[in-house]
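J.: Just so we're aligned: 122 in the UniProt record's numbering is position 122 of the sequence shown, and the numbers increase by one with no gaps anywhere. Ideal Cβ placement from N, Cα and C applies to all residues, glycine included.
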Amino acid sequence: MAFSGWRVLKEGLTGNKGWAPHWRDAAPKDEYDVVIIGGGGHGLSTAYYLAKNHGISNVAVLEKGYLGGGNVGRNTTIVRANYFLPGNSEFYSHSLKLWEGLEDDLNYNVMMSQRGQISLFHSDGQRDAAIRRGNSIRNQGDDAELLSRDDVKRHLPYLDYDQARFPIYGALLQRRAGTARHDAVAWGFARGASDRGVDLIQNCEVTGIDVEGGVVKGVQTSRGAIKAKKVAIIVAGRSSQVAAMAGMRLPIESHILQAFVTEGLKPCIDHVVSFGMGHFYISQSDKGGLVFGGDLDMYSSYAARGNLPLVEHVMEAGMTLMPMIGKAKVLRSWGGIMDMSPDGSPIIDKTQTQGLYLNCGWCYGGFKAVPGSGYSTAHLIATDTPHTPAARYRLDRFFTGRGLMDEEGTGSQHNLH
Ligand SMILES: Cc1cc2nc3c(=O)[nH]c(=O)nc-3n(C[C@H](O)[C@H](O)[C@H](O)COP(=O)(O)OP(=O)(O)OC[C@H]3O[C@@H](n4cnc5c(N)ncnc54)[C@H](O)[C@@H]3O)c2cc1C
Numbered sequence: 001m002a003f004s005g006w007r008v009l010k011e012g013l014t015g016n017k018g019w020a021p022h023w024r025d026a027a028p029k030d031e032y033d034v035v036i037i038g039g040g041g042h043g044l045s046t047a048y049y050l051a052k053n054h055g056i057s058n059v060a061v062l063e064k065g066y067l068g069g070g071n072v073g074r075n076t077t078i079v080r081a082n083y084f085l086p087g088n089s090e091f092y093s094h095s096l097k098l099w100e101g102l103e104d105d106l107n108y109n110v111m112m113s114q115r116g117q118i119s120l121f122h123s124d125g126q127r128d129a130a131i132r133r134g135n136s137i138r139n140q141g142d143d144a145e146l147l148s149r150d151d152v153k154r155h156l157p158y159l160d161y162d163q164a165r166f167p168i169y170g171a172l173l174q175r176r177a178g179t180a181r182h183d184a185v186a187w188g189f190a191r192g193a194s195d196r197g198v199d200l201i202q203n204c205e206v207t208g209i210d211v212e213g214g215v216v217k218g219v220q221t222s223r224g225a226i227k228a229k230k231v232a233i234i235v236a237g238r239s240s241q242v243a244a245m246a247g248m249r250l251p252i253e254s255h256i257l258q259a260f261v262t263e264g265l266k267p268c269i270d271h272v273v274s275f276g277m278g279h280f281y282i283s284q285s286d287k288g289g290l291v292f293g294g295d296l297d298m299y300s301s302y303a304a305r306g307n308l309p310l311v312e313h314v315m316e317a318g319m320t321l322m323p324m325i326g327k328a329k330v331l332r333s334w335g336g337i338m339d340m341s342p343d344g345s346p347i348i349d350k351t352q353t354q355g356l357y358l359n360c361g362w363c364y365g366g367f368k369a370v371p372g373s374g375y376s377t378a379h380l381i382a383t384d385t386p387h388t389p390a391a392r393y394r395l396d397r398f399f400t401g402r403g404l405m406d407e408e409g410t411g412s413q414h415n416l417h
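Pasting the structure below:
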């Protein structure tokens with residue numbers, strides 16, 4: 001089933017009766033070439049690129065709930081390529097380029113909106129850091145512009161510029177950054193993978209990983225045993241629990257990240273805006289809701305809902321930056337389980353078990369990585385060699401201390417991310 005403007009018009013005029021399900025609801029087979037554990041954005045994009053780029057379609061994606069029910073459908077949808085460090089810089093650059101062609105590639109409307117991201121700074125020191133980051137982004141070949149205080153005022157007239165504690169000095173703008181509709185991204189990759197022969201199996205929880213003589217043999221699931229030549233663990237906040245099934249102890253902590261959405265309002269925020277002095281960022285959805293979030297809940301948890309002290313913290317930051325937000329009514333809040341790595345950068349690597357691969361450590365920034373991560377993980381699984389943009393995402397950097405990518409400058413302290 002191909003989507004087009006003509007098809008939408010025709011279906012609209014004939015009662016929308018011609019749409020078929022977007023993917024096959026497959027039953028598990030006894031054996032696959034590749035089993036992917038986790039039907040989030042990263043698992044689905046890996047399956048898609050395995051089939052599309054490498055012709056490997058005897059693949060199953062096993063999802064314990066429903067496709068898109070994890071973080072891929074819970075995030076605040078920001079897409080950008082403004083990372084600083086070698087390793088992250090080229091990876092996110094590659095991912096953003098894939099985003100820019102994704103709707104054509106998938107023949108699916110993921111509502112990609114390159115509305116620009118404005119990261120504010122509030123001191124001379126922060127300006128220096130922003131200039132340095134901007135130069136490094138431009139060296140990578142991506143776009144970054146330094147905005148003066150007056151430039152920012154023109155773009156964002158509703159901010160509080162004379163706030164005594166956190167006056168706004170200027171900002172770094174990335175015009176190609178923006179937002180996309182999160183669950184549509186999962187559905188688009190699911191549809192593309194299914195069309196190419198991948199089995200998408202929902203309500204199928206992996207409960208064990210079978211390893212014999214250091215070689216992976218398959219998985220145990222709530223729907224029976226499945227043999228596999230290769231198995232990939234791509235389960236975001238559940239990474240430590242699933243890796244433990246293969247006897248691995250990961251350098252990952254799981255923390256909750258909350259998000260909030262207000263009632264629908266007339267268009268008032270045109271960009272993604274990030275506060276430089278507190279954890280707060282905001283954009284406006286196409287339905288009009290203000291979508292915003294802040295910092296992690298500061299202790300490890302597997303509960304997909306947050307706690308009130310962080311709610312208060314985020315609301316305070318919002319009120320500090322843009323007092324007008326106080327008039328909006330919050331409709332919903334929710335949480336997702338983040339797979340926090342010690343240096344804030346992800347892992348895409350083989351493991352010590354032959355045929356077992358690991359994709360995790362996306363912290364609170366893995367939505368923008370979905371296309372790039374799937375592309376690179378598929379390459380790794382298909383060829384057993386790292387894909388160049390993701391070559392630094394090695395697991396052993398946490399054992400050797402070599403090659404750490406401390407993007408936030410926080411050191412190996414999860415609570416400072
Ligand atoms: C509130 C919030 C805001 C965020 N904002 C942004 C943002 O603006 N920009 C950005 O880039 N990133 C953002 N993120 C981060 C981003 O959402 C995640 O990094 C990314 O979605 C994680 O990868 P995923 O999509 O594969 O994860 P998930 O969608 O969580 O996929 C993992 C899947 O594995 C399944 N699973 C787990 N265990 C098993 C098992 N035993 N058997 C079978 N299946 C299993 C889960 O059910 C789940 O569906 C945000 C996250 C949250 C929660």
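Give the single residue among E312, V272, V231 whose Cα lies nearest to the Cα of Q352.
T.: Ranking the options by Cα distance to Q352, first place goes to V231.
J.: Please determine if the stretch 119-129 and the stretch 269-281 are in contact, where contact requires at least 3 C-beta pairs separated by less than 8 Å.
T.: Cβ pair count under 8 Å is three or more, so yes.
J.: Look at the Cβ atom of A190, then the Cβ atom of H22, and state whether they are nearer than 8 Å.
T.: Going by C-beta atoms, A190 is nearer than 8 Å to H22.
J.: If you run the structure through DSSP and keep just helix, strand and coil, what is E11?
T.: Residue state, collapsed to three classes: helix.
J.: Hey, would you say the C-beta of E145 is under 7 Å away from at least one heavy atom of ligand 1?
T.: Checking the Cβ of E145 against ligand 1 gives no.
J.: Which same chain residues, not among the five before or five after K10, have their C-beta less than 8 Å away from its C-beta?
T.: Closer than 8 Å at Cβ, skipping near neighbours: G18.
J.: Quick check on the DSSP output: what are the complete beta strand (DSSP E) runs of length 3 or more inside the UniProt domain "Rhodanese" (34-78), in order along the chain?
T.: Those beta strand (DSSP E) runs which fall completely within the UniProt domain "Rhodanese" (34-78) and span 3+ residues are 59-62.
J.: Please state the DSSP three-state secondary structure of Q202.
T.: Correct three-state label for Q202: coil.
J.: For a test of the three-state rule: what should DSSP assign to Y281, helix, strand or coil?
T.: Strand, per DSSP.
J.: What residue range does the beta strand (DSSP E) around S93 cover?
T.: Looking at the DSSP string, S93 is not in any beta strand (DSSP E); the run it does join, the alpha helix (DSSP H), is 88-106.
J.: What is the DSSP secondary structure of H122, counted as helix, strand or coil?
T.: Coil at H122, not helix or strand.
J.: Is the closest heavy atom of ligand 1 to the C-beta of M338 under 7 Å?
T.: Correct: M338 has its Cβ closer than 7 Å to ligand 1.
J.: For ligand 1, is there a heavy atom less than 7 Å away from the beta-carbon of Q258?
T.: Correct: Q258 has its Cβ closer than 7 Å to ligand 1.
J.: In chain order, which alpha helix (DSSP H) runs of at least 4 residues are fully inside the stretch 115-171?
T.: If we require 4 residues or more, the alpha helix (DSSP H) runs fully inside the stretch 115-171 come out as 124-140, 149-155.
J.: Pick out the complete alpha helix (DSSP H) segments inside the stretch 210-281, 4 residues or longer, and give them in chain order.
T.: Those alpha helix (DSSP H) runs which fall completely within the stretch 210-281 and span 4+ residues are 239-244.
J.: Report yes if the CB atom of V110 is closer than 8 Å to the CB atom of G188, and no otherwise.
T.: Result yes, Cβ atoms of V110 and G188 sit closer than 8 Å.
J.: Might you give, ordered along the chain, the residues of its own chain that have their beta carbon closer than 8 Å to the beta carbon of P371, omitting 5 neighbours on each side?
T.: Same-chain partners within the cutoff: S45, S95, L98, W99, L102.
J.: Per DSSP, what kind of secondary structure is V330 in: helix, strand or coil?
T.: In this structure, V330 counts as strand in the three-state DSSP scheme.
J.: So for G178, helix, strand or coil by DSSP?
T.: DSSP places G178 in strand when its eight states are reduced to three.
J.: For chain D, find out if any of its Cβ atoms is closer than 8 Å to the Cβ of E100; answer yes or no.
T.: Here there is only one protein chain, and chain D is not present.
J.: Is V110 close to ligand 1? I mean its beta-carbon at under 7 Å from any heavy atom of the ligand.
T.: Checking the Cβ of V110 against ligand 1 gives no.
J.: Would G37 and V59 be called neighbours here (beta carbons separated by less than 8 Å)?
T.: Here residue 37 is Ile; the residue named in the question, Gly, does not match the sequence. The answer is no: Cβ separation not under 8 Å.
J.: What residue range is occupied by the uninterrupted beta strand (DSSP E) comprising F3?
T.: No beta strand (DSSP E) holds F3; DSSP gives it neither H nor E.
J.: If you draw a straight line from the alpha carbon of L395 to that of M315, how long is it in whole angstroms?
T.: For L395 and M315, the distance between alpha carbons rounds to 37 Å.
J.: Can you give the Cα-Cα distance for G73 and A186, rounded to whole angstroms?
T.: When rounded, the distance between both Cα atoms is 8 Å.
J.: Could you check what DSSP says for T385 in three-state terms: helix, strand or coil?
T.: Coil at T385, not helix or strand.
J.: With C-beta atoms as the reference, is V206 less than 8 Å away from V219?
T.: Closer than 8 Å, so yes.
J.: State whether the stretch 197-212 contacts the stretch 171-181, with contact taken as three or more CB pairs (one from each stretch) at a distance under 8 Å.
T.: With a cut-off of 8 Å, the stretch 171-181 and the stretch 197-212 do not count as touching, because too few Cβ pairs lie within range.
J.: For I209, which residues from the same chain have a beta carbon less than 6 Å from its beta carbon, with the 5 sequence-adjacent residues on both sides left out?
T.: Excluding residues within five positions, the ones whose Cβ falls inside 6 Å are V219, M245, A246.
J.: Between which two residues does the beta strand (DSSP E) harbouring F292 extend?
T.: Looking at the DSSP string, the run of the beta strand (DSSP E) that includes F292 is 289-300.
J.: What residue range does the alpha helix (DSSP H) around L321 cover?
T.: Here the alpha helix (DSSP H) through L321 covers 308-321.
J.: Taking I348 as part of the beta strand (DSSP E), name the residues at either end of that continuous run.
T.: Residues 347-350.
J.: Between the stretch 336-345 and the stretch 276-291, do three or more beta carbon pairs fall short of 8 Å?
T.: Counting Cβ pairs under 8 Å, fewer than three are found: no touch.
J.: Does DSSP put M111 in a helix, in a strand, or in coil?
T.: Reduced to three states, the DSSP call for M111 is coil.
J.: Since I believe G365 is in contact with S341 (beta carbons under 8 Å), could you give me their beta-carbon distance rounded to a whole number of angstroms?
T.: That pair is no contact at about 11 Å.
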